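Quick notes on the structure that follows.
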């Protein structure tokens, strides 16, 4: 399998073109980000066509002293490096999904993982919107286009899109979708929304 790299004027943006089965495919790097315990590992696990790579560790009492568990439902593990999955969306395009740890102490890792990414899907818990502010700020600092996926948790009431947009101070053009990170079709729909937005921005 041979690899060639290409880049554009956005500096860190690169794509890797590789030959597989006689057809040239474009590999696109997508970040799946969000605050602690918002469902990033679950999202990638529900949609990846390969066995996802996950670096989760069991949470200990020591970790509870560092990570804010207020409002977190049944959280017993936490990602300490990254989650990785793959999804082929056409004969020519393959998405490589990189899930970042949600804790602020991993910010340097976020910056490293953002290099070469085309865009980001930001998962949001509607009951913990304030926790998403630092995440959105970081993605904007990295210069990445993004979409918001509101992860539906059991028992959470529905929130109007306009209220969510106002609470998160989003631009009108920023896509906002509701998803269930446990459901493959729902996760695929959220990711498709992001990809279409990125294509529109690139055209």
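Residue numbers (the working numbering): 5 to 207.
Think of the CB as a built atom: it goes at the ideal place given N, C-alpha and C, for glycine as much as any other residue.
Remember, it's a predicted structure, so these values are computed and weren't measured experimentally.
Contact set for residue i: own chain, Cβ-Cβ below 7 angstroms, skip 5 residues either direction
{"i": "residue 92", "result": "53, 98"}
{"i": "residue 140", "result": "126, 172"}
{"i": "residue 202", "result": "122, 123, 149"}
{"i": "residue 56", "result": "48, 49, 87, 88, 89"}
{"i": "residue 26", "result": "At residue 26, the pLDDT of 39 sits below 50, so the modelled position is not reliable and the matter cannot be decided from this model."}
Delimiting residues of the alpha helix (DSSP H) encompassing residue i
{"i": "residue 42", "result": "Where residue 42 is concerned, there is no enclosing alpha helix (DSSP H), given that its DSSP letter is neither H nor E."}
{"i": "residue 137", "result": "137-145"}
{"i": "residue 118", "result": "111-118"}
Spatial neighbours of residue i in its chain, beta-carbon cut-off 8 angstroms, leaving aside the 5 residues before and after
{"i": "residue 184", "result": "155, 156, 190, 191"}
{"i": "residue 102", "result": "33, 34, 35, 36, 86, 87, 88, 117, 121"}
{"i": "residue 158", "result": "none"}
{"i": "residue 1", "result": "An answer regarding residue 1 cannot be provided, because it is not within the stretch 5 to 207 covered by the chain."}
{"i": "residue 170", "result": "none"}
Proximity of residue i and residue j at Cβ, strictly below 8 angstroms
{"i": "residue 180", "j": "residue 168", "result": "yes"}
{"i": "residue 124", "j": "residue 37", "result": "yes"}
{"i": "residue 30", "j": "residue 119", "result": "no"}
{"i": "residue 121", "j": "residue 142", "result": "no"}
{"i": "residue 89", "j": "residue 44", "result": "no"}
{"i": "residue 132", "j": "residue 46", "result": "no"}
{"i": "residue 111", "j": "residue 42", "result": "no"}
Inter-residue CB distance, residue i and residue j (contact presumed, cutoff 8 angstroms)
{"i": "residue 151", "j": "residue 86", "result": "That belief does not hold up - the Cβ atoms of residue 151 and residue 86 are roughly 20 angstroms apart, past 8 angstroms."}
{"i": "residue 48", "j": "residue 188", "result": "Not really, about 11 angstroms apart at Cβ, beyond 8 angstroms."}
Span of the beta strand (DSSP E), counted from its first residue to its last, around residue i
{"i": "residue 126", "result": "123-128"}
{"i": "residue 103", "result": "97-103"}
Closer than 7 angstroms: residue i CB and nearest the ligand GDP heavy atom
{"i": "residue 133", "result": "Judged by which ligands are present, the structure shown has none, so any question about the ligand GDP falls away."}
Own chain partners of residue i with C-beta closer than 6 angstroms, once the 5 adjacent residues on each side are dropped
{"i": "residue 163", "result": "130"}
{"i": "residue 153", "result": "125, 127, 181, 183, 194"}
{"i": "residue 146", "result": "118"}
key: alpha helix (DSSP H) runs wholly inside the segment 155-190, at least 4 long, in chain order   = 165-172
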